[in-house]
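Numbering (our numbering), first residue to last: 717 to 1201. Take a look at the structure below.
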């Protein structure tokens, strides 16, 4: 943020420009340029180092008087030829060709590298206005406001500076505006009086009522207010000895735990224990998680990340479940289906068949053929001889596949009472089982059950339907247990 003094001076400068706009109709095209120029001057001020520091080197307010010479001839020669030509031919205006004048000067320090200056000068001159010729000398009144960008501070004896600003003049009834650009030098003779030298090139802004010219000046200025000598205060009384209540070598003013013995690296507090596990953070490898001393302040590890710590985990490197003490669910037959999902725990089989082997289609067809040809004497559970061939083949299959199980399910039609049909179906399924056992099949591998008339597969309203319902179903499997689906 610009200092308030800077804003005050900038506002004054813009007020002068607005006045010039009122009197000079051709000023408007250059007004925005002048405004940008002033903004640039103060932007440079903000970029200078130490603009807000070393306030003792800011220039005090000063008032001065100066003698100046206006040179219109040298700029005219430069513009008509070139600067190099004027330099080589030494075609500079002589002092007698310049117009003398006097000026009042006001200076005010803004920062240690920036000064504000206001100048009001007058001279009698035949002003070379671009579109007007005057026959005799008239009074020229000039006013300008500049920003002086100093290359050194007030503590140096000699202070060169760059001049940037705006100005205006009145000559007879004509008003004009210009921009003074140049160099200056301030020489400090005493604390309150100094010499200043300036040389500015005045660029016209209102090209019809102003002309290019140089102005060289020399003058003296004195401070409006003398510097007051610094009063050196008496030395303060010695401070009381610092207190250290907990005797840890850290004074109470710097001790964040003044009543608890601590260490300097913790600002007088003990070594912290963030997780409150009784192991200080310097010895705790897990300072934010409560742990045990035997694990250097960390919790009991869980190497396999199964939620069961290694001290309780019988398989600490393999993820498992708590009911198996941290070990995986076992897979007794090693078929990739764990025992909790495997219907055949000791017999390998694919997961698609619940871990049991898949029964070949050819065997299934042989068993189904045998089941269709199981016939009984009417109204009894006695097998007809036509049934033996198929059942003998089933017995052969069972003996060749000792891991297979066989389920025998007997069914009747609805002729007769429910109780009679239930008993008949029980007896018929038992009769088939007994036959297979007689052929050397282990009874423990067979289950026999009757269902009576409760599970028909066809209508009981026709003879053909009732014949289909009177049946014995044979189902092979490897299942050793039921698994929840």
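Here a beta-carbon is modelled for each residue, glycine too, at the ideal position from N, C-alpha and C.
DSSP state of residue i, grouped into three classes?
i, result
"residue 940", "coil"
"residue 934", "strand"
"residue 902", "strand"
"residue 1124", "strand"
"residue 882", "strand"
"residue 1009", "helix"
"residue 734", "Residue placement at residue 734 is poorly supported in this model, since its pLDDT is 40, which falls under 50; the coordinates still yield a value, given next. Residue state, collapsed to three classes: helix."
"residue 727", "Caution applies to residue 727, whose pLDDT of 44 falls short of 50 and renders its modelled position unreliable; the value that the coordinates give is listed next. In the structure shown, residue 727 sits in a helix (DSSP, three-state: H, G or I)."
"residue 746", "In this predicted model, residue 746 has a pLDDT of only 45, less than 50, meaning its place in the structure is not dependable; the value taken from the coordinates is given anyway. Residue state, collapsed to three classes: helix."
"residue 990", "coil"
"residue 864", "strand"
"residue 858", "strand"
"residue 739", "For residue 739, the predicted model reports a pLDDT of 32, less than 50, meaning its position is unreliable; a value from the coordinates is still stated below. DSSP places residue 739 in helix when its eight states are reduced to three."
"residue 696", "Nothing can be reported for residue 696: it is not among the residues displayed for the chain, which extend from 717 to 1201."
"residue 897", "strand"
"residue 1093", "coil"
"residue 1085", "helix"
"residue 918", "strand"
"residue 780", "strand"
"residue 912", "strand"
"residue 1193", "strand"
"residue 1185", "helix"
"residue 1020", "coil"
"residue 1071", "coil"
"residue 978", "coil"
Measure the alpha-carbon distance for residue i versus residue j and round it to whole angstroms.
i, j, result
"residue 859", "residue 782", "13 Å"
"residue 869", "residue 891", "37 Å"
"residue 1067", "residue 1144", "35 Å"
"residue 995", "residue 951", "50 Å"
"residue 915", "residue 866", "15 Å"
"residue 1180", "residue 1064", "43 Å"
"residue 842", "residue 786", "11 Å"
"residue 801", "residue 794", "8 Å"
"residue 767", "residue 918", "Interpretation of residue 767 is limited by its pLDDT of 40, a score under 50 that renders its predicted location unreliable; the figure taken from the coordinates is listed afterwards. Approximately 28 Å, taken between the alpha carbons."
"residue 738", "residue 778", "At residue 738 the pLDDT is 34, less than 50, meaning the model places this residue with poor confidence and gives no usable figure here."
"residue 1170", "residue 1035", "49 Å"
"residue 1195", "residue 1152", "20 Å"
"residue 1044", "residue 1031", "8 Å"
"residue 1191", "residue 1185", "17 Å"
"residue 1141", "residue 1157", "21 Å"
"residue 909", "residue 881", "24 Å"
"residue 958", "residue 998", "30 Å"
"residue 982", "residue 1004", "17 Å"
"residue 1150", "residue 1118", "18 Å"
"residue 1023", "residue 1135", "57 Å"
"residue 970", "residue 1001", "29 Å"
"residue 808", "residue 896", "20 Å"
"residue 1137", "residue 1046", "45 Å"
"residue 1099", "residue 1049", "39 Å"
Let me make sure I understand the geometry here. Which of the options has the alpha-carbon closest to that of residue i?
i, options, result
"residue 905", "880, 1068 and 874", "874"
"residue 1112", "1179, 1154 and 956", "1154"
"residue 1040", "1083, 776, 1029 and 796", "1029"
"residue 1014", "992, 986, 1020 and 1031", "992"
"residue 862", "911, 842, 848 and 900", "900"
"residue 926", "1061, 1047, 857 and 816", "857"
"residue 1102", "816, 1148 and 1117", "1148"
"residue 911", "1009, 1157 and 938", "938"
"residue 1163", "1134, 1183, 1150 and 1123", "1123"
"residue 1020", "1038, 1004, 1009 and 842", "1038"
"residue 1114", "1083, 1093 and 968", "1083"
"residue 923", "893, 975, 909 and 947", "893"
"residue 813", "833, 823, 832 and 789", "789"
"residue 1109", "1125, 1092, 1081 and 1100", "1081"
"residue 821", "961, 987, 809 and 834", "834"
"residue 1121", "823, 1074 and 1053", "1074"
"residue 828", "803, 871, 947 and 805", "871"
"residue 791", "920, 1048 and 1022", "920"
"residue 826", "1089, 774 and 969", "774"
"residue 832", "1072, 1106 and 776", "776"
"residue 1069", "1077, 1187 and 1058", "1058"
"residue 879", "903, 913 and 960", "913"
Does the beta carbon of residue i fall short of 7 Å from some heavy atom of the ligand MG?
i, result
"residue 866", "Inclusion of the ligand MG in the displayed structure is not the case, the ligand content being empty and no account of it being possible."
Subject >> Ordered list of alpha helix (DSSP H) runs contained in the region 1133-1180, each at least 4 residues >> reply: 1134-1154
Subject >> the region 1167-1180 touching the region 1115-1129, judged by at least three CB pairs closer than 8 Å >> reply: yes
Original post:
Is the region 774-793 touching the region 917-937 in the sense that three or more CB pairs, one from each, lie closer than 8 Å?
Top reply: Yes, since at least three Cβ pairs between the region 917-937 and the region 774-793 fall closer than 8 Å, the two stretches touch.
**OP:** Entirely within the region 790-852 and at least 4 residues each: give me those alpha helix (DSSP H) ranges in chain order.
**Re:** 799-805
Subject >> the region 804-820 / the region 835-845 touching (three or more Cβ pairs under 8 Å) >> reply: yes
Original post:
For the region 1026-1066, which segments carrying the alpha helix (DSSP H) assignment without a break, of at least 4 residues, lie completely within its bounds, in sequence order?
Top reply: List check, alpha helix (DSSP H) in window: nothing returned.
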